[in-house]
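Just below is one structure, and these are the notes that go with it.
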Amino acid sequence: MTLDTVKHAGETPDTEQPWAELGLKQDEYERIRSILGRRPTGAELAMYSVMWSEHCSYKSSKVHLRQFGEKAPENDALLVGIGENAGVVDVGQGYAVTFKVESHNHPSYIEPYQGAATGVGGIVRDILAMGARPVAVMDPLRFGAADHPDTKRVLPGVVAGIGGYGNCLGLPNIGGEVVFDACYQGNPLVNALCVGVMKHEDIHLAKASGAGNKVILYGARTGGDGIGGVSVLASETFDDSKPTKRPAVQVGDPFQEKLLIECTLEIFREDLVDGIQDLGGAGLSCATSELASAGSGGMRVELDRVHLRDATLSPEEILMSESQERMCAIVEPGKVDRFLEICEKWDVIATVIGEVTDGERLEIFWHGEQIVDVPPRTVAHEGPVYERPYARPDWQDALQADDANKLARPATAEELREQVLKVISSPNQASKSWITDQYDRFVQGNTVLAQPEDSGMVRIDEDTNLGVAVATDGNGRYAKLDPYAGAQLALAESYRNVAASGARPLAISNCLNFGSPEDPAVMWQFAEATRGLADGCLTLGTPVTGGNVSLYNQTGETAIHPTPVVAVLGVIDDVNRRTPIAFSDEGHLLYLLGDTKEELGGSAWSQVVHDHLGGLPPAVDLDREKLLGEILISASRDGMVDAAHDLSDGGLIQALAESCLRGGKGARVVVPDGIDPFVLLFSESAGRAVVAVPRSEELRFTDMCGARGLPAARIGVVDGEAIDIQGQFSIPLAELREAHEATIPALIA
Amino acid sequence: MARVVVDVMLKPEILDPQGQAVQRALPRLGFEGIADVRQGKRFELEVEGPVDDAALARIHEMAETFLANTVIENFTVRVDS
Amino acid sequence: MARVVVDVMLKPEILDPQGQAVQRALPRLGFEGIADVRQGKRFELEVEGPVDDAALARIHEMAETFLANTVIENFTVRVDS
Amino acid sequence: MTARVGVVTFPGTLDDRDTQRAVRIAGLEPVPLWHRDKDLKQVDAVVLPGGFSYGDYLRAGAISRFSPVMETVIEQARGGMPVLGICNGFQVLTETHLLPGAMLRNNHLHFICRDQKLRVENADTAWTSDYEAGQEISVPLKNIDGRYVADERTLDELEAEGRVAFRYLDGNPNGSLRDIAGITNAAGNVVGLMPHPEHAVEPGVGTGRTDGLGFFTSILKKLVNA
Ligand SMILES: Nc1ncnc2c1ncn2[C@@H]1O[C@H](COP(=O)(O)OP(=O)(O)O)[C@@H](O)[C@H]1O
Ligand SMILES: [Mg+2]
Chain A
155 MTLDTVKHAG
165 ETPDTEQPWA
175 ELGLKQDEYE
185 RIRSILGRRP
195 TGAELAMYSV
205 MWSEHCSYKS
215 SKVHLRQFGE
225 KAPENDALLV
235 GIGENAGVVD
245 VGQGYAVTFK
255 VESHNHPSYI
265 EPYQGAATGV
275 GGIVRDILAM
285 GARPVAVMDP
295 LRFGAADHPD
305 TKRVLPGVVA
315 GIGGYGNCLG
325 LPNIGGEVVF
335 DACYQGNPLV
345 NALCVGVMKH
355 EDIHLAKASG
365 AGNKVILYGA
375 RTGGDGIGGV
385 SVLASETFDD
395 SKPTKRPAVQ
405 VGDPFQEKLL
415 IECTLEIFRE
425 DLVDGIQDLG
435 GAGLSCATSE
445 LASAGSGGMR
455 VELDRVHLRD
465 ATLSPEEILM
475 SESQERMCAI
485 VEPGKVDRFL
495 EICEKWDVIA
505 TVIGEVTDGE
515 RLEIFWHGEQ
525 IVDVPPRTVA
535 HEGPVYERPY
545 ARPDWQDALQ
555 ADDANKLARP
565 ATAEELREQV
575 LKVISSPNQA
585 SKSWITDQYD
595 RFVQGNTVLA
605 QPEDSGMVRI
615 DEDTNLGVAV
625 ATDGNGRYAK
635 LDPYAGAQLA
645 LAESYRNVAA
655 SGARPLAISN
665 CLNFGSPEDP
675 AVMWQFAEAT
685 RGLADGCLTL
695 GTPVTGGNVS
705 LYNQTGETAI
715 HPTPVVAVLG
725 VIDDVNRRTP
735 IAFSDEGHLL
745 YLLGDTKEEL
755 GGSAWSQVVH
765 DHLGGLPPAV
775 DLDREKLLGE
785 ILISASRDGM
795 VDAAHDLSDG
805 GLIQALAESC
815 LRGGKGARVV
825 VPDGIDPFVL
835 LFSESAGRAV
845 VAVPRSEELR
855 FTDMCGARGL
865 PAARIGVVDG
875 EAIDIQGQFS
885 IPLAELREAH
895 EATIPALIA
Chain B
33 MARVVVDVML
43 KPEILDPQGQ
53 AVQRALPRLG
63 FEGIADVRQG
73 KRFELEVEGP
83 VDDAALARIH
93 EMAETFLANT
103 VIENFTVRVD
113 S
Chain C
33 MARVVVDVML
43 KPEILDPQGQ
53 AVQRALPRLG
63 FEGIADVRQG
73 KRFELEVEGP
83 VDDAALARIH
93 EMAETFLANT
103 VIENFTVRVD
113 S
Chain D
49 MTARVGVVTF
59 PGTLDDRDTQ
69 RAVRIAGLEP
79 VPLWHRDKDL
89 KQVDAVVLPG
99 GFSYGDYLRA
109 GAISRFSPVM
119 ETVIEQARGG
129 MPVLGICNGF
139 QVLTETHLLP
149 GAMLRNNHLH
159 FICRDQKLRV
169 ENADTAWTSD
179 YEAGQEISVP
189 LKNIDGRYVA
199 DERTLDELEA
209 EGRVAFRYLD
219 GNPNGSLRDI
229 AGITNAAGNV
239 VGLMPHPEHA
249 VEPGVGTGRT
259 DGLGFFTSIL
269 KKLVNA
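Those protein sequence lines, which keep their order, are chains A, B, C and D.
Adding 154 to a residue's 1-based position in the first sequence gives its number in this note's numbering.
Adding 32 to a residue's 1-based position in the second sequence gives its number in this note's numbering.
Adding 32 to a residue's 1-based position in the third sequence gives its number in this note's numbering.
Adding 48 to a residue's 1-based position in the fourth sequence gives its number in this note's numbering.
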């Protein structure tokens, strides 16, 4: 086959090209022709097609994501905002923290182990590329019905993949989520988050500047992994029925990634790079065009210098390969030798593949012949933007009218007790330790809080005890009932979780998991959710630092519940002041903070007891969330509470059960006057938490709540070996533990 | 009882980090001249009853659906003698 | 280039939970009549140069000192044809 | 003057910095050692920390065993230098035959991370003298290849000579024979165990307990009083 050079393309304008097979639309192909003033070469077509895929170009979501910048709250903590590999937040004492959550949904359905593993690998490289040492990971996961046979295939594979990769990298897993719902049956959601820490001066950006600087590709050899994966996997509705069309799966090598991390950190320490970019989706196409586009000048790459695992790869394939564990750095000529030396020390292959030029084009050569000559911005940053039509679905009104508050409630105390046990042992509410025990949460020796705490917390400075906390939350059921409120509830819950552990929320990242953007109903859900999230962040003062969008999570006509997952990052000045969820001391007083209203729409109770989804989700009051957060943070700082647990799905009873089981102590609860015990236990009103207050602190604590106007009701005391709801029922801890812990192993193990 | 062996190897185009780690270690141990190493799995099945075509067909199906992950692996089935 | 295969299996007296897990799963998947399953490793070595007795002796040594841990594993070396 | 404890970093080692921290907290001087260097920089003792050296590909510890640093470690360990292998380090020690037996995949086939109760069976080794024989401690366990096996004769010999240094309590987490969590060589200078004492040396992080500190204070006493 003859090489399709730029010259050749100019001479053969009428050659048929497989743009449709590569996922491009007719008008997109025409646009490429008009940008270049000729037909693209095969290599150029490969680059444009992957970079203009939904996954890389955000073409359907961009117009909505803009709000995150436009409505961004004033916040001087934000050092690097949206648009880089990950946002960076100032956490004080000269430290900066970067974090981001990303999806690897489709690959994890095809090959659960490798899909999930490479999802972790990818997000870790994003964090590394910012100049940070990765210090923790989290994994928000969603699967189909817990008792569906395919869940038995997908879940153990995903969990083993996340553990297999993360454990081998030495990154503590400090939290995540596991949710089961039939809507995710053919579209499990595998989101992965990584947190990294650096000093302010160590921040690195993905840009190529300085003519004459060298472009170095380092890490694993390039093979035929996931060729076309980006465009085929992320842009088209996934169809399992044609195994022959399955694209090659990427296989991760966590050992190689660990070397890459240590090697890169050593390179940063010696200040050897000007710009750096990880290779993820779209591989070299993405890295070279993004680096060149973001920097000044152009770039020239000799593609034949790339170290290959498979010598038969064509230049197009090399450009599209998604081989894992690779990075691309821009290095001054005088520093190249030292750079290569450090790579050699860590057994990492490194090759100078090109240099920054003073031109404006990205030019790629194959054995001396030019195969790419493009303006890099048109590939990386000026892809197509769609204003997809959206419309409130016609079923939304009926769904909201189907009020969960009207569902039959337990008639007797005995029935209430039964329903409590049923909810607490349901797959979504049950203990997830069978899963989380497969993750190393201790490595690095800085873990302060990990599962099953409200947030994950790590110490980042051993001398001052400065720490950061992260929580991730999302509730697709709420978002299905009302995507605007659902996104805000995810934000509120995550914010509350961080505050409950004593950390001050600073900024957020998010992963927006939705169905097909070509369906106006899905697009409406997306528009509503992004608007809700942007408005919410403005009110809470927590800017969006970055995130990820995963679309086409649907099977046939049926989309998943809209599932915005929100990660909130907080800071705590002294990790010794953190607040755990465990009730560990008898006699401590239990206070319920916030207002409990009759809010059962989308609740765990409505799902478990009635298999029902309808009505409205709990009302959102972000000012109240903020106030609650301030109280929880002050209480932690001043030692007024011994334990705190946020209330969310499952309501008060779920929080009590978790805190009692964690601390091995019971609770005696008195139902306050004027509230129905069922509503007290199961309502999911937002803006609430339960805290355990030592008697010596009671006055100080209630004074503070009173002065700030936060409702605080004394509902009982830590005591005994049972949860005893007075006048209703009592459940011994042993029975509760069995109910809570046996479910997941019985279903999955 | 007859023994049937199922060998499962990663497809050639799929990265094999384990095989690579072994290969890279060999020169350090003083073993030269090994150009490539691939590491896979070997299953030894003790089969009750005769290993006729029907039994082999079943084992083939078992390998395809269960022992190997055909997204990334190839396999072979053979009777051990 | 010639291919030499090294098969490494756990010694019979050592518990093989991987093989057992496979065996236990088989009936559930509808495969009956497999009395025992053992899971081991298969290494495919691409050897440069002739695979003569000297080369095989070296590979045998490599298997003994490196590819297998003879405290728990047995191995066999054979030329693939 | 305090003693110098070398902490080896192989490619893929994870707990090297944690081990250095534990050594420091105990009042010793941690000295990083690199797998490619034969030179042990005149340390008084060596810790082989946990992790996935060489990805644990092939077998846990199998490739690291052949590194230059191990040549010297093996030689000096035979000469009496204290060596502690934690998790992956223990696996390296069995692969080098400084300690008998081998480590296999957990019987339940999963990675397991938990706070694990142990009994210190032998408080006379270089690394356990600060504990009482029979003392129960809790330290994190986190591995997938943690099942200790050896033939019956070896196991009997270990028992008879008091060389089972640690045993799992409250349930065997991985199918290790005779609940063995760690062993020592006959001289008591080379000790290996699967659980991670270096992750239990500070209140407030990790398990929140300091049950693992005794390993490092034991070696401090031995080296500084020696
Ligand atoms: N939901 C979102 N919210 C905020 N920023 C987002 C979101 N989705 C994507 N982004 C931002 O868009 C940029 C491009 O994303 P992406 O191409 O996924 O980055 P990368 O390739 O480095 O993973 C990043 O800065 C990312 O943080
Ligand atoms: Mg990136």
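Every residue gets a Cβ at the ideal spot worked out from N, C-alpha and C, and that includes glycine.
Computed from a predicted structure; not experimentally measured.
Cβ contact (3+ pairs, closer than 8 Å) linking the segment 681 to 697 of chain A and the segment 244 to 252 of chain A: no
Between L770/A and L603/A, how many whole angstroms is the CB-CB distance? I'm expecting something under 8 Å. No, L770/A and L603/A are not in contact; Cβ-Cβ is about 33 Å, not under 8 Å.
Using a Cβ-Cβ distance under 7 Å, would L61/B count as near chain D? yes
Can you tell me which of P659/A, G656/A, T712/A puts its alpha carbon nearest to the alpha carbon of A675/A? T712/A
For a minimum of 3 consecutive residues, which ranges assigned as the beta strand (DSSP E) are wholly contained in the segment 521 to 549 of chain A? 523 to 528
Per DSSP, what kind of secondary structure is L419/A in: helix, strand or coil? helix
Beta-carbon spacing of A270/A, P326/A below 7 Å: no
Pick out whichever of I807/A, L781/A, T717/A has its Cα sitting closest to the Cα of N259/A. T717/A
Where the alpha helix (DSSP H) through L225/D begins and ends: Taken as a continuous stretch (DSSP letters only), L225/D belongs to no alpha helix (DSSP H), as it is neither H nor E.
Can you list the residues of chain B that L88/D reaches, using a CB-CB cut of under 8 Å? Per Cβ cutoff of 8 Å: no residues; L88/D is ~19 Å from chain B at best.
Cβ of I46/B within 7 Å of any chain A Cβ: yes
Taking only the alpha-carbon atoms, compute the straight-line gap between N273/D and S580/A and give it to the nearest angstrom. 58 Å
Using a Cβ distance threshold of 8 Å, determine whether the segment 524 to 540 of chain A contacts the segment 201 to 210 of chain A, with at least three qualifying pairs required. yes
Q50/B versus K73/B: straight-line alpha-carbon distance, rounded: 12 Å
According to DSSP, is K576/A part of a helix, a strand, or is it coil? helix
Going along the chain, which residues of the segment 76 to 99 of chain C sit with their C-beta nearer than 9 Å to a C-beta in chain B? E76, L77, E78, V79, E80, G81, A87, R90, I91, E93, M94, T97, F98, L99
Using only the alpha-carbon positions, how far apart do G429/A and L359/A sit? 5 Å
Between F159/D, M151/D, V95/D, which lies nearest to G322/A when the distance is taken from Cα to Cα? The sequence shown places Cys at residue 322/A, not Gly. Looking at the Cα atoms, F159/D is the closest of the given residues.
Residue closest to G329/A, alpha-carbon to alpha-carbon, out of Y372/A, A721/A, I381/A, Q554/A: A721/A
Is the CB of Q592/A under 7 Å away from at least one CB in chain D? yes
How should W549/A be labelled, buried or exposed, when 16 other C-beta atoms within 10 angstroms of its C-beta is the threshold for buried? exposed
Backbone CA spacing between K270/D and L206/D [nearest angstrom]: 23 Å
Do M352/A and D432/A have their C-beta atoms closer together than 7 Å? no
Cβ-based contacts, 7 Å cut-off: residues of the segment 152 to 164 of chain D near chain A: H158, F159, I160, C161, R162
Taking all protein chains shown into account, do 16 or more other C-beta atoms lie within 10 angstroms of the C-beta of Q90/D, making it buried, or fewer, making it exposed? exposed
So the alpha helix (DSSP H) H799/A belongs to, where does it begin and stop? Careful: H799/A lies outside any alpha helix (DSSP H), inside the beta strand (DSSP E) at 797 to 800.
A346/A and G406/A look like a contact to me (Cβ under 8 Å); what is the Cβ gap, rounded to whole Å? That pair is no contact at about 12 Å.
Kindly identify the DSSP beta-bridge partner or partners of G373/A. R480/A, I503/A
Which value, in whole angstroms, describes the spacing of the CA atoms of R65/D and G324/A? 11 Å
Could you tell me whether any Cβ in chain B is nearer than 7 Å to the Cβ of Q52/C? no
Once you ignore the five residues that flank N155/D on each side, which residues in its own chain have a CB closer than 7 Å to its CB? R195, N222, G223
By the three-class DSSP mapping on this structure, what secondary structure does C135/D have? coil
Per-residue contacts from D304/A into chain B (C-beta, under 8 Å): Chain B residues near D304/A: none, gap ~13 Å exceeds 8 Å.
In the DSSP assignment, the beta strand (DSSP E) including G701/A goes from what residue to what residue? 698 to 704
Curious, which full-length alpha helix (DSSP H) runs of at least 4 residues does the segment 437 to 483 of chain A contain? 437 to 448, 469 to 474
Contact with chain D by F422/A, beta-carbon distance below 7 Å: no
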